[in-house]
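Per the numbering used here: the sequence shown ends with 494, consecutive numbering throughout.
We treat Cβ as the ideally placed atom computed from N, Cα and C, and that holds for glycine.
In this text, all values refer to a predicted model and were calculated from it rather than measured experimentally.
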Amino acid sequence: MIVLVPVSMFNVPFTVAQGRPYSRLEVRVLEDIAQRGGTDTQATLASLRETFHVHQRLLVEAVVTLIGAGWVAVADGREATFALTDEGAKALSTGKDPASVVVRPGMPCTVIMDLTAGQLARRNEVPTVHLNDHEVRRYARTPVRLVRRSLDEAQVDKLLPRASGDWVRSIGRPRLVNFRRYIPVRVSLESQEVVGLPRGWGRALTDHIVSAATKHHDETIGQGEAASNSFDWLDNPGFEPREAQRTTRAKVQAVGTLAGTENHLSVLETAFRTAYRYVLVASPTIEPQVLLRWEGAMRSALKRGVRIDLLYGEATAAVGQGDLVKIANRIGYDAVGQRGRDLMRPSTKPTHCPAGLLSFDRPDGMPDVVVGDFDWLGHQGTGISLHVRGHAIGTGIAQVAAALWRRSGEDASVDRWRRIARSCQDAAALEGVQGELSGSVDVELLVDDEHAATESTPSGGKIFGAAKPCADSAISGVVGVSIREVAQEIGS
3 MIVLVPVSMF NVPFTVAQGR PYSRLEVRVL EDIAQRGGTD TQATLASLRE
53 TFHVHQRLLV EAVVTLIGAG WVAVADGREA TFALTDEGAK ALSTGKDPAS
103 VVVRPGMPCT VIMDLTAGQL ARRNEVPTVH LNDHEVRRYA RTPVRLVRRS
153 LDEAQVDKLL PRASGDWVRS IGRPRLVNFR RYIPVRVSLE SQEVVGLPRG
203 WGRALTDHIV SAATKHHDET IGQGEAASNS FDWLDNPGFE PREAQRTTRA
253 KVQAVGTLAG TENHLSVLET AFRTAYRYVL VASPTIEPQV LLRWEGAMRS
303 ALKRGVRIDL LYGEATAAVG QGDLVKIANR IGYDAVGQRG RDLMRPSTKP
353 THCPAGLLSF DRPDGMPDVV VGDFDWLGHQ GTGISLHVRG HAIGTGIAQV
403 AAALWRRSGE DASVDRWRRI ARSCQDAAAL EGVQGELSGS VDVELLVDDE
453 HAATESTPSG GKIFGAAKPC ADSAISGVVG VSIREVAQEI GS
């Protein structure tokens, strides 16, 4: 029997980059040379060593790279001095990409999303038909349960095509272009075998397909089914949907698993104490009295210029809509005055995400990420999380943060987390060139409806995080974030 699975199509604009991005050290060296340009003390290797306290070889490599890009010039004398060129000054003022990196539009990519379980695939992985093609109105169809006008970057990142050596530099907002197409599949009511689905969709959709087929069969007994040769590719014994290569894994350094309140709160204290630019806390719930316990730690972080993002999945009876904002604004103002409202960013709406997330960057720029089900700022209790470190996973969590902020309507915070994601993308690419990430393991980030196709304890490794169905009309479907071990077990 033929069953049709309704799908939407989204065009995804994105850019890819190829080459060698600048390291954080090279950017800081460029800034130091620029700052000394208008003073009596020109930048030299000696002054750079005194400023950065790293091996001279690393500074020589950084300066050579900047000279090669045409952004720094060297002057001879008793001691070689470095000065910013006009091109270097322009690059600093405009945020221009380094000359060694070529950024270009990505290959056209259309993503399909099934409207029954929210699974995603590339359009070219499987044939689709229009509502008016092949008399499709005569066939059984799975129900339309999800209605979405857009997707988030975190959902589509792993589907974007990229050549070897390329990395995704930025992702635009996926645009809905069609919602009247279907994937035809053939199902056997006896064996419940389904043929024609994209790879990985079976677990989330098989029950829906069999149910639709059974209902259609019962309603049309004696009427006969529409001609099955309308979809002759399904009758080809060798037919299998095309399996597109996906970027599903992230290289991370395994810090360990966290269990219980004490271990989690110790990491949160470390985040506020050591973060360089930002701390993101996404808690399943939030309680004012718990938030106030961290007032001193948050004030210290704010005084160092650290941005603090506070998001919560669901409101509780103890949290009025304005309570969190009032507390956060007071903490921010008491710490750094008017800047507090910019640095301290509380969500004004629930995200409906049940996962507990913590992300912060260390002084060396490396993001720390904790994913689990711990209620950081709410009831707490027992929880289990995975603590990892790396720019690749930092990219994914930054994209998730942008999506969560979008649900609160905070466009400024969305853009800021997009910039953080872009910075992490570049740093991850640099790691790939230089091989800086030692002792790495593979993990996979699961976002929202991807959970519907995943076992709770797959043979591929443990899953840390949380997800649940969401009936909110603006979201619908499964909402959550998890991280799954792929390569090996990560010990505590």
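Check: By a C-beta neighbour count over all protein chains shown, 10 Å radius and 16 as the cutoff for buried, is residue 324 buried or exposed?; Outcome: exposed
Check: Tell me which same chain residues have a C-beta within less than 8 angstroms of the C-beta of residue 43, skipping the five on either side of it?; Outcome: 49
Check: Contact defined as beta carbons within less than 8 angstroms: I believe residue 282 pairs with residue 361. What is the distance between those atoms, to the nearest angstrom?; Outcome: 4 angstroms
Check: Residue 446 to residue 358, Cα distance in whole Å?; Outcome: 17 angstroms
Check: In terms of residue numbering, what span does the alpha helix (DSSP H) encompassing residue 54 cover?; Outcome: 47-54
Check: Over what stretch of residues does the alpha helix (DSSP H) that includes residue 153 continue unbroken?; Outcome: Premise fails: residue 153 is in no alpha helix (DSSP H) and is neither H nor E.
Check: From residue 479 to residue 92, what does the alpha carbon distance come to, in whole angstroms?; Outcome: 46 angstroms
Check: Who are the Cβ neighbours of residue 173 in its own chain at under 6 angstroms, not counting the five residues just before and after it?; Outcome: 16 and 155
Check: Going by C-alpha distance, which of 349, 72 and 372 is nearest residue 1?; Outcome: The first residue shown for the chain is 3 and the last is 494, placing residue 1 beyond what the model contains.
Check: With DSSP collapsed to three states, give me the class of residue 290.; Outcome: helix
Check: Taking just the CA atoms, how far does residue 180 sit from residue 109?; Outcome: 19 angstroms
Check: Return yes when the Cβ of residue 147 is within less than 8 angstroms of the Cβ of residue 117, no when it is not.; Outcome: yes
Check: Within this structure, are the beta carbons of residue 286 and residue 262 separated by less than 8 angstroms?; Outcome: no
Check: To the nearest angstrom, how far is it from the Cα of residue 20 to the Cα of residue 106?; Outcome: 9 angstroms
Check: Where does residue 252 sit, in a helix, a strand or coil, going by DSSP?; Outcome: strand
Check: Can you tell me where the alpha helix (DSSP H) with residue 335 in it begins and where it stops?; Outcome: 325-338
Check: Considering just the uninterrupted stretch of the alpha helix (DSSP H) at residue 409, what are its terminal residues?; Outcome: 393-409
Check: Compare the Cα-Cα distances from residue 188 to each of 22, 208 and 375 and report the closest residue.; Outcome: 208
Check: How should residue 394 be labelled, buried or exposed, when 16 other C-beta atoms within 10 angstroms of its C-beta is the threshold for buried?; Outcome: buried
Check: Looking at the secondary structure, which residues open and close the alpha helix (DSSP H) in which residue 58 lies?; Outcome: 58-70
Check: By DSSP, does residue 349 sit in helix, in strand, or in coil?; Outcome: coil
Check: Report all residues from its chain with a CB closer than 6 angstroms to the CB of residue 415; omit the five preceding and five following residues, and keep chain order.; Outcome: 347 and 407
Check: Out of curiosity, what's the CA-to-CA distance linking residue 273 and residue 66?; Outcome: 35 angstroms
Check: May I ask which residues mark the beginning and end of the beta strand (DSSP E) holding residue 90?; Outcome: Run containing residue 90: none in the beta strand (DSSP E); it sits in the alpha helix (DSSP H), 88-96.
Check: Tell me the residue span of the beta strand (DSSP E) that contains residue 215.; Outcome: Per DSSP, residue 215 belongs to no beta strand (DSSP E); it is in the alpha helix (DSSP H), 204-221.
Check: Using CA coordinates, which residue listed in 464, 264 and 18 is at the minimum distance from residue 159?; Outcome: 18
Check: Taking 8 angstroms as the cut-off, decide whether the C-beta atoms of residue 185 and residue 259 are in contact.; Outcome: no
Check: Less than 8 angstroms separating the beta-carbons of residue 336 and residue 309?; Outcome: no
Check: For residue 349, count neighbouring Cβ atoms within 10 angstroms of its own Cβ and tell me buried if that reaches 16, exposed if not.; Outcome: buried
Check: Decide if residue 223 is buried, meaning its Cβ has at least 16 other Cβ atoms within 10 Å, or exposed.; Outcome: exposed
Check: Just the C-alpha distance for residue 481 and residue 119, rounded to the nearest angstrom, thanks.; Outcome: 12 angstroms
Check: Tell me which residue opens and which closes the alpha helix (DSSP H) that residue 383 is part of.; Outcome: Premise fails: residue 383 is in no alpha helix (DSSP H) and is neither H nor E.
Check: Within 10 angstroms of its Cβ, does residue 122 collect 16 or more other Cβ (buried), or is it exposed?; Outcome: buried
Check: From residue 391 to residue 303, what does the alpha carbon distance come to, in whole angstroms?; Outcome: 20 angstroms
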